[in-house]
Amino acid sequence: MKYLKNIKYLIVALTGIMLISCDADEFLNPLPDTAIAADGFFKSDEDVLAGIFGIYDAIQGVNENTESSNSDFNRGVQFEYLLTEHRSDNTRSATLEGSRADFHRYVTDANNIQSEDYYQSMYEIIFRANNILNYVDVANASNVSKYTAEAKFLRAYAYFNLVRLYGSDDDTIGGVPLVTEVVSSDQEELLFTRVPKSVVYEQIVADLQEAIANLDNSYKARASKAAAQGILAKVYLSQPTPNYTGAKDLCEAIVASGAFSLQTDFRDVFYNELNNEIIFAIRYDFGNPNESQGFSAEFTSFKRQGRQDGLNIVNPNLVADFDANGGNRTAVSYASFGDPDDPSIEVTKFLPDGTDITTDPAAPTYGASPKDAGNDWIILRYADVLLMHVEAIMAGTGNANTAGALSSFNAVRNRAGLADDADGVISQDELLLERRVELAFENQRFFDLLRFGVADAVLQDHAAEDDDDDITVYPSYNARALLLPIPSREINLSKGLLKQNPGY
């Protein structure tokens, strides 16, 4: 991460201590055979802070252009679009070949390497956070509560991703394994015992509440009070029994803080990094193999810059929604390349290093090192909070017409150059559409469909549309596919203790 460059070697040393007992291909396993070595490392406030930065490093992940793209290597969030955008009606792979194409075809199995890496990466975040919590008391007394809150915020973030993607609603199977402390050799079963989703959510809520109580808004690329409030609002909207009032209050607290605002120019959201709209983002450093990302290069296809033939290719039904409701967001979000009758429709929100292709879409250029891109990954921004505010006011009723809901909804529309809502009543379909075009390619659509209870219906329709075009893309879609399988490697390591999700 850009703010980690001066302490990179500390992070490497810390990571080696935390994972020294692991085989090279088993970075999930946190059992510390060398606890004495860890005790010897954590001696000062600086050591604890370096450890906290190491948690962010796990979220950032390893650019697959610096290590084999066909092995597990803690990619962090760099594969997340496959597990989210590709499993919604937003995007797909340019081809039907390879494990990456399995996601948009809904044939992902328990051996899929990208899903396995993501699962392991989220637990890597959790285990690093737990390790810091085990030694946080060696920090300066004035920092202990802040460091504790920051580690718990990051742990909650990882668990929120895991429970939504892998957690079963069936309590006989469970959500995901819940580990909140460093695991000793006689507690290994904790790594493989799934607990009910409600229990996982209780821990997420408790961690985020502690973060809200102990953090301020000093950072955008580190945990903050507003980031904890915004993610907790989304947690409240996503949990089995939504807390709409709690979500509404949290969104209104962020608005009332006055610390955030919509960018006037939609493009600036993505290329004027850490701007006033950003609440929480993961930083990358252009041209630095150790601190860059490779995912934005993979979004190119017509003039391919990545390893693959093209990923996150935009689906026609999303293009139609942009045509109807995108406003000035459209030109920033995607572009069509090549033959107008058979174009390659590609994401442009995250062009490598912010390349401007608007002057000549037929001949895009991407700079000197597109595979080592520096585009930050935005996890939470103010427009998302405003639209969650509308959702919280709607409270599952299907519509919202209060002054507060209209104010938040229209602020996002107006920034896009669109008029206020025409009839003063925001329907669920209108809100989903607005979220779709505002947050396209930001890994929100799949979770939105789940949260609004329409995922199966929308994706069934999407599959039928595709069948009408005689393209075999969704041969195996059914409701089972809304939940990813627990990776086989984890089940094997558990000697059968870890239960698989239904249908896999």
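The numbering of the sequence shown is our numbering, which starts it at 123 and goes up by one.
Built from N, CA and C at the ideal position, the CB exists for glycine as well.
Quick caveat: nothing in here was measured; it's all calculated off a predicted structure.
Q: State the DSSP-derived secondary structure class of Arg503, mapped to helix, strand or coil.
A: Here residue 503 refers to the residue found at position 381 of the sequence shown. Correct three-state label for Arg503: strand.
(Q) Nearest by alpha-carbon distance to Gly380: which of Tyr279, Ile401, Phe388 and Tyr393 is it? (A) Within the sequence shown, numbered from 1, the residue matching residue 380 stands at position 258. Considering only alpha carbons, the answer is Ile401.
Q: Count the other CB atoms, across all protein chains shown, that sit within 10 Å of the CB of Ser290; report buried if there are 16 or more and exposed otherwise.
A: In the sequence shown, the residue the question calls residue 290 occupies position 168. Ser290 is buried by the Cβ-count criterion.
(Q) Comparing C-alpha positions only, which one of Gly368, Arg451 and Ala378 sits nearest to Asp390? (A) Counting from 1 along the sequence shown, the entry for residue 390 is found at position 268. Comparing Cα-Cα distances from Asp390 to each of Gly368, Arg451 and Ala378, the minimum goes to Arg451.
**Q.** N-terminal and C-terminal residue of the alpha helix (DSSP H) that Ala333 is part of
**A.** Position 211 of the sequence shown, counting from 1, holds the residue named residue 333. Residues Lys319 to Asn336.
(Q) Spatial neighbours of Val469 within its chain, please: C-beta separation below 6 Å, excluding the five flanking residues on both sides. (A) Indexing the sequence shown from 1 puts residue 469 at position 347. Contacts found: Phe421, Asn434, Tyr456 and Phe563.
Q: Measure the alpha-carbon distance for Arg227 versus Glu374 and round it to whole angstroms.
A: Sequence index remark: in the sequence shown, residue 227 carries index 105 (1-based). Sequence index remark: in the sequence shown, residue 374 carries index 252 (1-based). Cα-Cα distance, rounded: 39 Å.
Q. Which residues in the same chain as Ala527 place their Cβ atom closer than 8 Å to its Cβ, once the five residues preceding and following it in sequence are excluded?
A. Your numbering for residue 527 matches position 405 in the sequence shown. So the list reads His511, Val512, Ile515, Met516 and Ile548, once near-sequence residues are dropped.
**Q.** Identity of the residue in Ile467, Leu509 and Arg567 nearest Pro94 by Cα
**A.** The question about residue 94 has no answer here: the residues shown for the chain are numbered 123 through 626.
(Q) Could you check whether Gly183 and Arg250 sit closer than 8 Å to each other, using their CB atoms as the reference points? (A) Along the sequence shown, one-based indexing puts residue 250 at 128. Along the sequence shown, one-based indexing puts residue 183 at 61. Result no, Cβ atoms of Arg250 and Gly183 do not sit closer than 8 Å.
Q | DSSP state of Gln430 mapped onto helix, strand, coil | A | Start at 1 with the first residue of the sequence shown, and residue 430 comes out as number 308. Of the three classes helix, strand and coil, the one that applies to Gln430 here is coil, per DSSP.
Q: Would you kindly work out how many angstroms separate the C-alpha atoms of Pro486 and Phe574, rounded to a whole number?
A: Counting from one through the sequence shown, the residue named residue 486 turns up at place 364. Counting from one through the sequence shown, the residue named residue 574 turns up at place 452. Cα to Cα, Pro486 sits roughly 38 Å from Phe574.
Q | Reference Leu440; option with closest CA among Tyr178, Asp211, Lys165 and Asp169 | A | What you label residue 440 is simply residue 318 of the sequence shown in a count that begins at 1. Out of Tyr178, Asp211, Lys165 and Asp169, Asp211 has the C-alpha closest to the C-alpha of Leu440.
Q: Determine the extent of the beta strand (DSSP E) in which Phe402 is found, giving its start and end residues.
A: Working through the sequence shown from its first residue, we reach residue 402 at position 280. Run containing Phe402: Ile400 to Ile404, per the beta strand (DSSP E) assignment.
**Q.** Between the CA atoms of Leu540 and His208 - distance to the nearest angstrom
**A.** Taking the sequence shown and counting its residues from 1, one reaches residue 208 at position 86. Taking the sequence shown and counting its residues from 1, one reaches residue 540 at position 418. Those two C-alpha atoms are separated by around 28 Å.
Q. Hey, how far is the Cα of Glu324 from the Cα of Tyr178?
A. Taking the first residue of the sequence shown as position 1, residue 324 is located at position 202. Taking the first residue of the sequence shown as position 1, residue 178 is located at position 56. If I take the Cα positions, the gap works out to 23 Å.
Q | Segment contact flag, the region 552-566 with the region 251-270, C-beta cutoff 8 Å, min 3 pairs | A | no
Q) Rounded to the nearest angstrom, how far is the Cβ of Thr170 from that of Val304, given a contact under 8 Å? A) Working through the sequence shown from its first residue, we reach residue 170 at position 48. Working through the sequence shown from its first residue, we reach residue 304 at position 182. For clarity, residue 170 is Val in the given sequence; the question names Thr instead. With 8 Å as the limit, Val170 and Val304 do not qualify as a contact, their Cβ atoms being about 15 Å apart.
Q.
Using CA atoms only, rank isn't needed, just tell me which of Asp292, Val576, Asn365 and Leu284 is closest to Leu300.
A. On the sequence shown, position 178 is the one that residue 300 refers to. Nearest option by C-alpha distance: Leu284.
**Q.** Residue interval of the alpha helix (DSSP H) (run including Phe175)
**A.** Within the sequence shown, residue 175 is the residue found at index 53, counting from 1. From DSSP, the alpha helix (DSSP H) with Phe175 extends over Asp167 to Gln182.
Q.
To the nearest angstrom, how far is the alpha carbon of Phe282 from that of Ile326?
A. Within the sequence shown, numbered from 1, the residue matching residue 282 stands at position 160. Within the sequence shown, numbered from 1, the residue matching residue 326 stands at position 204. If I take the Cα positions, the gap works out to 7 Å.
**Q.** Distance, Glu168 Cα to Thr260 Cα
**A.** The count along the sequence shown starts at 1 and reaches residue 260 at position 138. The count along the sequence shown starts at 1 and reaches residue 168 at position 46. Looking at the sequence itself, residue 260 is Val, so the reference to Thr does not match. Distance between the alpha carbons of Val260 and Glu168: 10 Å.
Q: Report back the beta-carbon spacing between Asp494 and Asn185 to the nearest angstrom; my notes put them in contact at under 8 Å.
A: Position 372 of the sequence shown, counting from 1, holds the residue named residue 494. Position 63 of the sequence shown, counting from 1, holds the residue named residue 185. Their Cβ separation, rounded to whole angstroms, is 7 Å, which keeps Asp494 and Asn185 in contact under 8 Å.
(Q) I'd like the list of long-range same chain contacts for Ser610, defined as Cβ closer than 6 Å, with 5 residues on each side in sequence excluded. (A) Position 488 of the sequence shown, counting from 1, holds the residue named residue 610. Within the same chain, Ser610 has close Cβ partners Ala232 and Asn233.
Q: Reducing DSSP to helix, strand and coil, say where Ser610 ends up.
A: Here residue 610 corresponds to residue number 488 of the sequence shown, with the count starting at 1. The answer is helix: DSSP assigns Ser610 an H, G or I state.
Q | Proximity to Lys370 [Cα-Cα], best of Thr363, Val199, Gly618 and Gly352 | A | By one-based count along the sequence shown, residue 370 stands at place 248. Per the Cα distances, Gly352.
Q: To the nearest angstrom, report how far apart Arg316 and Ala533 are at their CA atoms.
A: On the sequence shown, residue 316 is found 194 positions in, with the first residue counted as 1. On the sequence shown, residue 533 is found 411 positions in, with the first residue counted as 1. Approximately 42 Å, taken between the alpha carbons.
Q: Could you tell me whether the Cβ atoms of Leu354 and Leu384 are closer together than 8 Å?
A: Counting from 1 along the sequence shown, the entry for residue 354 is found at position 232. Counting from 1 along the sequence shown, the entry for residue 384 is found at position 262. Not in contact: Leu354 and Leu384 (Cβ atoms no closer than 8 Å).
Q | Within 8 Å, strictly: CB atoms of Phe424 and Phe459 | A | What you label residue 424 is simply residue 302 of the sequence shown in a count that begins at 1. What you label residue 459 is simply residue 337 of the sequence shown in a count that begins at 1. The answer is yes: Cβ separation under 8 Å.
(Q) On the DSSP letters alone, give me the boundaries of the beta strand (DSSP E) that Val469 sits inside. (A) What you label residue 469 is simply residue 347 of the sequence shown in a count that begins at 1. Start and end: Ser466 to Val469.
Q: Just the C-alpha distance for Ser616 and Glu310, rounded to the nearest angstrom, thanks.
A: Residue mapping note: residue 616 aligns to position 494 of the sequence shown, counting from 1. Residue mapping note: residue 310 aligns to position 188 of the sequence shown, counting from 1. Taking the straight line from one Cα to the other gives about 9 Å.
Q) Could you give the uninterrupted runs of the beta strand (DSSP E) lying entirely in the region 209-246, keeping only those of 3 residues or more? A) none
**Q.** Residue span of the beta strand (DSSP E) that contains Phe459, given as start and end
**A.** Position 337 of the sequence shown, counted from the first residue, corresponds to residue 459. Element bounds for Phe459: Tyr456 to Phe459.
Q. Given a threshold of 16 other Cβ atoms within 10 Å of its Cβ, counted over all protein chains shown, does Arg344 qualify as buried or as exposed?
A. Residue numbering aside, residue 344 sits at position 222 when the sequence shown is read from its first letter. Buried.
Q) Are Gln430 and Arg214 closer than 8 Å when you measure CB to CB? A) Along the sequence shown, one-based indexing puts residue 430 at 308. Along the sequence shown, one-based indexing puts residue 214 at 92. No, Cβ-Cβ distance for Gln430 and Arg214 is not below 8 Å.
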